[in-house]
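For the sequence shown, position 239 (counting from the first letter as 1) is numbered 239 according to the UniProt record's numbering, and the numbering increases by one without interruption.
Just so you know, even glycine gets a beta-carbon here, dropped at the ideal spot from N, CA and C.
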Amino acid sequence: MRHQYHPLGFEGSRIAQGFWRLEEWNMASSETLGFIEACLDLGVTTFDHADIYGGYQCEALFGEALKLKPALRDKMEIITKCGILLPSDNRPDIQVHRYDYRAEHILASVDRSLVNLQCEHIDTLLLHRPSPLMDADEVAQTFDLLFTLGKVKHFGVSNFTTRQFDLLQSRLDAPLIINQVELSPLALQHFEDGTLDHVQQHAVTPMAWSPFAGGELFSGTSEKAKRVQAVLSKLAQEKNCTVDQIVVAWLLRHPAGICPVMGSGKIARLAAAVDAVSTPLSDDDWFCIWVASQGHPVP
């Protein structure tokens, strides 16, 4: 399961588990701990968070579970994100939904995440979304400070264009190791806009959020969704597996080394995704899904 993409960069599991819905799962801390242990037993060691998830509550829920068995921390890679200011009942100090990449905010956000996650360091910190007011020099200086203090080991971004990525990277000595973007058979924009070419060029790991297109691949009613669903169902039947596994296998088949982020609180769904690592997809299979999504043959 574990796969090192390049010597200085991302060292995580081939599949990641996301916790953006942890608050909705209504688990007791002991149940969350059991879920974490089950993930680790499957070889899924990369856990994806963000400060805003669950109205700023999910990191703390994860941390309360980890507190029950702190030794598990050494077996996992924790990713979290900062930069979005989201008005919430839990953050009455935030009035406007916006972005903030000032040093003061990044440092405070990391400190809150460390407390909430019950950790001494974050393995990889991502800037959650690009901001038109991002000062790359200030961000770079802040990253250097966080690294020097031992609070963050690696850095990356999420939802950044290639130019936004390059701007920030130009100010950093250490490589940005992740760009987390939306990737699925219904979300092809980053396959076509150069993002996946760019990550390969720079040995960056692309992480895929919403790999099942928010459930549209199972229940979507658009013509595009129906076309893709038909092909996925046909391939799943032929290969005696689930539609979930075909989707994950389709993402894994790409040479960029996509790391899909799973979002379900059901361990069986994660186990199926892990099994997809060994689900073979031919080039014909892959392009059948691509053409169904595009709605026309390749040129």
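How would you call Q229, buried or exposed, if buried means at least 16 neighbouring beta carbons within 10 angstroms? For the purposes of this step, residue 229 is taken as the residue at position 229 of the sequence shown. When all chains shown are included, Q229 counts as buried.
Buried or exposed by the 16-neighbour rule on C-beta atoms within 10 Å, applied to T124: Residue mapping note: residue 124 aligns to position 124 of the sequence shown, counting from 1. Its Cβ being crowded by 16 or more others within 10 Å, T124 is buried.
Who are the Cβ neighbours of V248 in its own chain at under 6 Å, not counting the five residues just before and after it? In the sequence shown, residue 248 corresponds to position 248, counting from 1. Hits under 6 Å: P260, A273 and A276.
Please check the pair A208 and L251, which I expect to be a contact at CB under 8 Å, by giving their CB distance rounded to whole angstroms. In the sequence shown, residue 208 corresponds to position 208, counting from 1. In the sequence shown, residue 251 corresponds to position 251, counting from 1. Going by Cβ atoms, the distance from A208 to L251 rounds to 6 Å, so yes, they are a contact pair.
Once the 5 residues before and after I246 are set aside, which same chain residues still bring their CB inside 6 Å of it? Translated into the one-based positions of the sequence shown, residue 246 becomes position 246. If we look at I246 and ignore the five residues flanking it on each side, its Cβ neighbours are L232, L235 and A236.
Hey, out of L168, T161 and T162, whose CA is closest to F155's CA? If you number the sequence shown from 1, residue 155 lands on position 155. Selected option, being the one with the closest Cα: L168.
Neighbour-count burial assignment, P206, 16 or more Cβ in a 10 Å radius: Indexing the sequence shown from 1 puts residue 206 at position 206. Result: buried.
First through last residue of the alpha helix (DSSP H) which encompasses W290: Working through the sequence shown from its first residue, we reach residue 290 at position 290. It spans D283 to Q294 - the alpha helix (DSSP H) in which W290 sits, taken as one unbroken run.
Going by C-alpha distance, which of T46, K69, L33 and E24 is nearest Y56? Residue 56 sits at position 56 when you count from the first residue of the sequence shown. Nearest C-alpha to Y56: E24.
Assuming contact is defined by CB atoms lying nearer than 7 Å, are G63 and G263 in contact in what I supplied? The residue you call residue 63 lines up with position 63 of the sequence shown. The residue you call residue 263 lines up with position 263 of the sequence shown. No, the pair does not count as a contact, with Cβ atoms beyond the cut-off.
Using only alpha-carbon positions, find the residue among I178, E192 and K226 that is nearest to E11. On the sequence shown, position 11 is the one that residue 11 refers to. For the residues I178, E192 and K226, the minimum Cα distance to E11 belongs to I178.
Do S210 and E182 have their CB atoms nearer than 7 Å? As a first step, residue 210 must be located in the sequence shown, where it is residue number 210. As a first step, residue 182 must be located in the sequence shown, where it is residue number 182. Yes, these two residues count as a Cβ contact at 7 Å.
Check the C-beta distance from A256 over to Q189 and give it rounded, since I have them as a contact under 8 Å. One-based indexing of the sequence shown puts residue 256 at position 256. One-based indexing of the sequence shown puts residue 189 at position 189. That belief does not hold up - the Cβ atoms of A256 and Q189 are roughly 14 Å apart, past 8 Å.
If you pair each beta-carbon of the stretch 65-85 with each one of the stretch 96-103, do three or more pairs fall below 8 Å? yes
Tell me the DSSP secondary structure of T32 in three-state form. The residue given as residue 32 occupies position 32 in the sequence shown. DSSP places T32 in helix when its eight states are reduced to three.
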